[in-house]
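Chains as they are written, first to last, in UniProt numbering: chain A, 1 to 716; chain B, 1 to 716.
No residue lacks a Cβ here, since even glycine has one placed at the ideal position from N, Cα and C.
This structure is a prediction, so every number in the text was calculated from the model and none was measured.
Take a look at the structure set out below.
There are 2 protein chains.
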Amino acid sequence: MQKPMKTMMRYILIILLFLPSFVMAQDLNSPNGNFELKFSLEEGKPTYQLNYKQIAIIKPSSLGLGLVEEENLSENFEIIASETATFDETWTPVWGETSTIRNYYNELVVSLKQIETNRLMNIRFRLFNEGLGFRYEFPQQEHLTYFTIKEEKTQFAMTGDHKAWWIAGDYDTQEYDYTSSKLSEIRGLMEKAVTPNVSQAPFSETGVQTALMMKSEKGLYINLHEAALVGYSAMHLELDDENMVFTSHLTPDAIGNKAYMQAPTQTPWRTIIASEKAGDILLSNMTLNLNEPVAYEDVSWIKPVKYIGVWWEMITGKSSWAYADLPSVKLGETDYTKVEPNGKHAANNTKVKRYIDFAAEHGFDQVLVEGWNEGWEDWFDKSKDYVFDFLTPYPDFDVEALRDYAKSKGVKLMMHHETSGSIRNYERHMDKAYQFMVDHNYNSVKSGYVGDIIPRGEHHYGQWAVNHYLYAVKKAAEYGVMVNAHEAVRPTGLRRTYPNLLANESARGTEYEAFGGNNVDHTTILPFTRQIGGPMDYTPGIFETDVSQYNPNNGSRVRTTIARQLALYVTMYSPLQMAADLPETYNKYLDAFQFIKDVPVDWSETLVLEAEPGDFITYARKDKNSNNWFVGRTNDEEERTSAIYFDFLEKGKEYLAIVYKDGKGAHWETNPKAYEINKYRVNSKSKISIDCVPGGGYAISLMEAEKGELKGLKKL
Amino acid sequence: MQKPMKTMMRYILIILLFLPSFVMAQDLNSPNGNFELKFSLEEGKPTYQLNYKQIAIIKPSSLGLGLVEEENLSENFEIIASETATFDETWTPVWGETSTIRNYYNELVVSLKQIETNRLMNIRFRLFNEGLGFRYEFPQQEHLTYFTIKEEKTQFAMTGDHKAWWIAGDYDTQEYDYTSSKLSEIRGLMEKAVTPNVSQAPFSETGVQTALMMKSEKGLYINLHEAALVGYSAMHLELDDENMVFTSHLTPDAIGNKAYMQAPTQTPWRTIIASEKAGDILLSNMTLNLNEPVAYEDVSWIKPVKYIGVWWEMITGKSSWAYADLPSVKLGETDYTKVEPNGKHAANNTKVKRYIDFAAEHGFDQVLVEGWNEGWEDWFDKSKDYVFDFLTPYPDFDVEALRDYAKSKGVKLMMHHETSGSIRNYERHMDKAYQFMVDHNYNSVKSGYVGDIIPRGEHHYGQWAVNHYLYAVKKAAEYGVMVNAHEAVRPTGLRRTYPNLLANESARGTEYEAFGGNNVDHTTILPFTRQIGGPMDYTPGIFETDVSQYNPNNGSRVRTTIARQLALYVTMYSPLQMAADLPETYNKYLDAFQFIKDVPVDWSETLVLEAEPGDFITYARKDKNSNNWFVGRTNDEEERTSAIYFDFLEKGKEYLAIVYKDGKGAHWETNPKAYEINKYRVNSKSKISIDCVPGGGYAISLMEAEKGELKGLKKL
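Put into structure tokens, the structure is as follows:
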């Protein structure tokens, strides 16, 4: 299935400059002229700066890399050539937020030679109308083939003490609440920001992860991230908080090296997106555009998924993944037919059938089942190498009978591969595990990497693990399997090339609501940070926000109203969405649940109606497979009023608007379940104003209606 | 193919002692009473000592382990139980030095409990008539399940400044010449002993590897090694040279830990073999006896192998493994059909066919071909991850045609899997690589691990790699493949359990003769050290000892006479033996070559006629499949006379003895090719005296003859 794809594109090559080596500076503008890049050598050091509408947004910043043994690719260069070009192509993603995507940039490639070593390095800049992407390239050459990177030294010199929404730089987890602060305050807030995690490795008092969202004093939004992280180590940013300069900080391997390279090769792209409008950050397709076109010839087997799952009851502690209460097990030696079940194992035939029935009844594609396989008794935090085999079900999970039952109901089960970070073990079993999926009618897998990586010393975001995650995705494609990888490296747009990588978690998701709670404004930040690189399997849809109702020993509160949970299906983009709560709870709120049933997971158009990081986001999206639209608003811890226009609707048409909003007096803490559902008749001239409570929001479905069908409904 | 085997055994359990906890000491004797073990707790520390014929050979030495986080399993114990037993069983190896092996020992198991932690640990001692084996065991228990070993602290307190034949303790290589010195001299000789290697990690000025061979002042031979290295890290010995106490030193992982354990589990066995007769050390089967019985149900596909190979001409530099002279390649991207061949690629169709013809003509089973596959241009010392795919031949190696050609000649090709230390890459390809072998009629593979291990930070002898080597052997069995692993951990008797592990190199072999030379006495030491744990693929049979004859740029001399090369087929035990030189050279010495053709690789009886480590070894072995005997003598750098009796021959029978010995004036350096072949008529009363030159030796085939067949021959 993996063959190079022929793209339709118009490529215009304009050789504008061929400069002799004594010329030190190059300029590049974005197509619309708003951005200006200047590249130069400052005493032999490659340097760039970026202006937006003639104002500096990146001050002169140096580029380059440090190699092992005190070598470098950061100084003593001369320019031997440079080329510019323009590229303008519209391409069609297999699934996404829009039907088509325009990839339109001006490009500058500077070819450098290091004077004493004769090493060659190119830097390729692409200036889009929303910002800059650039990467290092190492052509085939005589004086550089195998090299080991000690640290990348890409600078991003900020022009002021911007406000930032950040999580601590960490080699192993992103599962932190965001802190919003000025850059100068990061150092003082770092200790508090690093909350406990079973696998974590914060590395600096001023280190942060990407995507990093910022806002200048003048109100310019600036976002830093990377695209196309392949064959390299994930980048963090380390802040010099005297000068407000970020420098790239890569994730090390077990012996402290950052990446092993063989020329010809390149680094990932470093991206800078900027706009006066926060919504432009969200709507930028730069990350995707910087990735390679789709690698598979046949993509017909890749389809977005709506699912429910035997999961939340284990997350809350109501049930267990494990079948028995044994202190430890050895796969193949422990005889589960002889152990006493603990009576709390959720992944059993009866329950799974009930979930299959519910999925079939309400139109869900798949049922995730966690805890179906031997090994859960001692999987967590033991650094256990042979922890799962991904093949052997517990005695109460009849994989064949359930396959047939699901099939008879038009539903699939979703596979679960928790690796416990034991990467070699997963790879040893991977072919058989994927074949097992094929044999039992599974076509999608949620994988997990909870706990420190094995081989010990490696990190979740190092080159070693990054290589593994892509290996798992590519091998999955050989079996027609789609992947949703949790605890893996945060995405960087690889879904363009490998569209069976449907989603990742790779941030603090809904499960943490049951582990003490997420910040109320968490989902008003994630699209600006985590989701710049790709979809997130946030697993929303929690209606019973008082976790003690499920597990009296767990006093966590999900910090949300029900209306906001519905909104998340629109605001937390993903082609794979879960209705995460228990069927018995949904059955109590079927009117609200209707929105989750109606909302699609593949879109032809996406708009941002309102957005301020940390405060609120309102998205409007058009279903790819109909003329229906959906709106969602997520609100922070303040009471706010949202006022939106429906001018995106098709003129001359009428729509049934079903508005699911916070009820009067609703509040995530004191009254989360108060919601109101109202139906209206709307068209492109309509507008609406909705009060959102702390932790609240609203969701609106807009279904195209026949003329006259809606008379009698209130008109907006 | 892997099922537990039912053994025939007689097991006598005698509970001799059930001691209350205040009794601190236990005794155990070997069946013949020569050895006496004393175990005790010295202020809560487990301690043992070993006497031989009432003389201490191991002074009181402590036992135990250090765990991470300052925990320990080495002190503060009490004895809660002890049991003794006797075991006597004779079993049949699939192949070996003898037809049957007797496993006869007295056993003591002490059960210990650590007073403050309540952790349980057993120590199992088995006293054989040739020495002691013991290991730590960790039963299933409440207070110890997952634990990480920081260092094992097993002591072996020597009773004097013994003479030792040693190589430097090293986490990554054993490819050193041996040094013979007193223990007190190790420190001063270490620097010289550590010669360069592409992958090495010596760790101490007084660290040495096992098996360690020693000789006390009084002439007692003492050998220290380990048996059944499974799921653990390889042991070295670190010498406290003030007190002459060795302490175990395990191989670390990337973060400095030694082993990750899950109870119930156990360590490998630590072995102490001792005798006044050097030959008893060589003939001991303790290592095998301490391993588990064979794991496979069907072993009919496992057969010893005699082979030749397209190899030595690359080792000498006459030809190349690589097809082209490219600075670097990328598998799947480099198009070998378009590159210019370097004209020195040995693994080509014409040459391989010639080797197949030679093998068929002279009765060899297999032809090894190295350099058959893409990737050799840049495989060495680049820390290259995706270095080989084990599947894709070079353009001049037609794998299908050669399979068919070999088959038509009744010969098999031997596969070669050089991994370049890139373990994950090998495992990713392993199933396909083994299937490729099956599809192309290969049933044996020489594997290699040249260069630092990838994942970086791991070592060749750490728990991680030890796990991998066994994984490769067990998976090979699924495909009916036999394994000969070079640069892997030195063997510890696993061939009993997994008899498709035919051999390892895992020491300085014949190839080093072309890299500058081995010590002249090297092969008089290896059987006492490297081969205590298992066979060695030493690849002897070099007749052209002046390497410059093959490659004018390589002035190395193989430090041997031709006669000694023949002897090595008897003295360097292996079920897999190579005639390593080039066919064109053998064609010049077909009379000498006849011995190599005649010598078998599977034996029913083995005797040591003469032996002194570092000086000489003379073995006599009986062919398993006939009544023929073979004798071999390897000699050091001194002129010596060997005098042996043929009293091992069957009484009343006559044998044709063909004696291949050093010619007059032969010398490894000045006259290596001088040899004499004489035929005699011998019987069990015969004897012979042969002069051996520096680097010389002799080989004798003794073929049962019919009465009267040999008249006319000189009688011995």
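The alpha carbon of residue 334(B) has as its nearest neighbour, out of 392(B), 281(B), 463(B), the alpha carbon of 392(B). Here the C-alpha atom of residue 302(A) lies approximately 11 Å from the C-alpha atom of residue 296(A). The beta carbons of residue 127(A) and residue 37(A) sit closer together than 8 Å.
Closer than 8 Å at the C-beta level to chain B, one finds these residues of the stretch 458-487 of chain A: 458, 464, 467, 471.
At a Cβ-Cβ threshold of 8 Å, residue 278(B) and residue 60(B) do not count as neighbours. Under the 8 Å Cβ criterion, the stretch 202-216 of chain A does not count as touching the stretch 430-439 of chain A, having fewer than three qualifying pairs.
In the three-state reduction of the DSSP assignment, residue 583(A) falls in the helix class. At a cut-off of 8 Å between beta carbons, residue 327(B) contacts chain A.
Around the beta-carbon of residue 550(A), 16 or more other beta-carbon atoms lie within 10 Å, marking it buried. For residue 452(B), same chain residues with a beta-carbon under 6 Å away, outside a window of 5 residues either side, are 199, 421 in chain order.
Looking at the DSSP output, residue 37(B) sits in a beta bridge with 28(B), 50(B).
For residue 181(A) and residue 491(A), the gap between their C-alpha atoms comes out near 25 Å. Here the stretch 577-586 of chain B makes no contact with the stretch 660-669 of chain B; the two share fewer than three CB pairs at distances below 8 Å. In this structure, DSSP gives residue 165(B) an extended state, which the three-state scheme calls strand. Residue burial is scored here from C-beta neighbours: residue 359(B) has at least 16 other C-beta atoms within 10 angstroms and is therefore classed as buried. Beta-bridge analysis with DSSP links residue 691(B) to 641(B). Annotation for residue 710(A): 654, 656, 681 place their beta carbon closer than 7 Å to its own, counting only its chain and skipping 5 residues before and after. Among the residues facing chain A, residue 257(B) is included, as its CB has a counterpart in that chain under 8 Å away. Of the other Cβ atoms in all chains shown, 16 or more fall within 10 Å of the Cβ of residue 306(A); this residue is therefore buried. A Cβ-Cβ contact shorter than 8 Å links residue 644(B) with residue 618(B).
Between residue 232(B) and residue 263(B), the CB-CB gap reaches or exceeds 8 Å. Between residue 147(A) and the set 370(A), 85(A), 65(A), 588(A), the nearest pair of CA atoms involves 65(A).
In this structure the stretch 486-505 of chain A does not lie against the stretch 153-166 of chain A, because fewer than three pairs of beta carbons, one per stretch, are closer than 8 Å. Beta-bridge annotation (DSSP): residue 61(A) is paired with 48(A). When 52(A), 174(A), 25(A), 91(A) are compared, the shortest CA-CA separation from residue 33(A) is found for 52(A). Residue contact with chain B for residue 419(A): absent (no Cβ-Cβ distance below 8 Å to any residue of chain B). Interface with chain A (8 Å Cβ-Cβ cutoff): residue 338(B) is excluded. Put simply, the stretch 378-397 of chain A touches the stretch 445-461 of chain A. At least three CB pairs are less than 8 Å apart. Non-local C-beta neighbours of residue 469(B) in its own chain, meaning closer than 7 Å and more than five positions away in sequence, comprise 485, 488, 489, ordered along the chain.
Listed along the chain, the chain B residues whose CB falls inside 7 Å of the CB of residue 382(A) are 146.
In the three-state reduction of the DSSP assignment, residue 510(A) falls in the helix class, which pools H, G and I. Listed along chain A is no residue with a C-beta nearer than 7 Å to that of residue 552(B); the closest approach is about 28 Å.
Residue burial is scored here from C-beta neighbours: residue 196(A) has fewer than 16 other C-beta atoms within 10 angstroms and is therefore classed as exposed. Sequence-distant Cβ neighbours of residue 627(A) in its own chain, meaning closer than 6 Å and more than five residues away, are 704. Per DSSP, residue 459(A) lies in no alpha helix (DSSP H) and is assigned neither H nor E. By alpha-carbon distance to residue 425(B), the top candidate from 397(B), 288(B), 331(B) is 331(B).
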